[in-house]
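Chemist: Residue numbers (our numbering): 4 to 238.
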């Protein structure tokens, strides 16, 4: 199909049409770091709730191994790569949530680690949105998979802008993971952000994340101005 403009309410309508009453529809959202997965997922959740559905949102970051475990495994610099996730626990929780109560661990983007205080229990929603990375190959986890695509140059710019925002916010917050980078001036911090993208996030995108795109049910394209277009959808 030719790409067509789409907004979040329109996407929510498409997802609503896919669900079977009485059953949980699991919708996965993946794409590169900084693509805007969380913003898209939150907007979709809110639109579905406004439409009268019981919609829940969880992030795969909660199934990252804790930092201490990643360090012990030598995976600190592989955080976000497939091997840094407890995929079995993730799939078990999602499967359990379809019919009963499931516990979903939470992740803090301030401390950059699992935070037990953010743990949530979710039970049998109409639609469960799961956003993030670490999805297993194929459709083993989600009934419908959405891939959020964008140009690599835009992704890098968005990542560095986010890094700089967190760097600024950490100035007076020693508990923040980003506080350690406050020894850098703004130019150094920006250069470091670009380095992290080039050495970690871009290889993860090219070697792993982008391989979900061919099999995704819906492919959305995000332009530099953040407008969305629908590139692929079920016929």
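A virtual CB, placed ideally from N, CA and C, is assigned to each residue, including glycine. This structure is a prediction, so every number in the text was calculated from the model and none was measured.
1. Near residue 101, what residues of its chain come up, given a Cβ to Cβ distance below 6 Å and the 5 sequence neighbours on each side ignored?
2. Go ahead and pull the three-state DSSP assignment for residue 107.
3. Would you mind reading off the limits of the alpha helix (DSSP H) that contains residue 45?
4. Taking the alpha-carbon of residue 11 as reference, which of 184, 91 and 42 has the nearest alpha-carbon?
5. Among 89, 18 and 88, which one has its Cα closest to the Cα of residue 54?
6. With C-beta atoms as the reference, is residue 30 less than 8 Å away from residue 145?
7. Spatial neighbours of residue 73 within its chain, please: CB distance less than 7 Å, with the 5 preceding and 5 following residues excluded, ordered by chain position.
8. May I ask you to list the residues that DSSP assigns as paired with residue 232?
9. Could you check the C-alpha separation between residue 194 and residue 126 for me, to the nearest Å?
10. Is residue 173 closer than 8 Å to residue 182 when the C-beta atoms are compared?
11. Decide if residue 215 is buried, meaning its Cβ has at least 16 other Cβ atoms within 10 Å, or exposed.
12. Spatial neighbours of residue 222 within its chain, please: C-beta separation below 7 Å, excluding the five flanking residues on both sides.
13. So residue 29 is in the alpha helix (DSSP H); what residue range does that whole segment cover?
14. Terminal residues of the continuous alpha helix (DSSP H) containing residue 72?
Modeler: In terms of the structure at hand:
1. Position 98 of the chain shown, counting from 1, holds the residue named residue 101. Closer than 6 Å at the Cβ level, and outside the excluded window around residue 101, lie 27.
2. As a working mapping, residue 107 is identified with position 104 in the chain shown. Residue state, collapsed to three classes: strand.
3. For this step, residue 45 is matched to residue 42 along the chain shown. 40 to 53 is the extent of the alpha helix (DSSP H) around residue 45.
4. On the chain shown, position 8 is the one that residue 11 refers to. For the residues 184, 91 and 42, the minimum Cα distance to residue 11 belongs to 42.
5. As a first step, residue 54 is located in the chain shown; it is residue number 51 there, counting from the start. For residue 54, the nearest C-alpha among the options comes from 18.
6. The sequence position of residue 30 within the chain shown is 27, counting from 1. The sequence position of residue 145 within the chain shown is 142, counting from 1. Here residue 30 is near residue 145, since their CB atoms are less than 8 Å apart.
7. Numbered from 1 along the chain shown, position 70 holds the residue referred to as residue 73. Shown here for residue 73: same chain residues with a beta carbon closer than 7 Å to its own, the five before and five after excluded, namely 79, 82 and 87 in chain order.
8. Looking up residue 232 in the chain shown gives position 229. Answer is 8 and 224.
9. In the chain shown, counting from the first residue as 1, residue 194 sits at position 191. In the chain shown, counting from the first residue as 1, residue 126 sits at position 123. Between residue 194 and residue 126, the C-alpha separation is close to 44 Å.
10. The residue given as residue 182 occupies position 179 in the chain shown. The residue given as residue 173 occupies position 170 in the chain shown. For residue 182 and residue 173, yes; Cβs fall inside 8 Å.
11. Counting from one through the chain shown, the residue named residue 215 turns up at place 212. By the 10 Å Cβ count, residue 215 comes out buried.
12. Locating residue 222 in the chain shown gives position 219, counting from the first residue. Around residue 222: 150, 152, 216, 234 and 235.
13. One-based indexing of the chain shown puts residue 29 at position 26. Going by DSSP, residue 29 is part of no alpha helix (DSSP H) but of the beta strand (DSSP E) stretching over 28 to 34.
14. Within the chain shown, residue 72 is the residue found at index 69, counting from 1. If you look at residue 72, you'll find it in the alpha helix (DSSP H) that goes 70 to 75.
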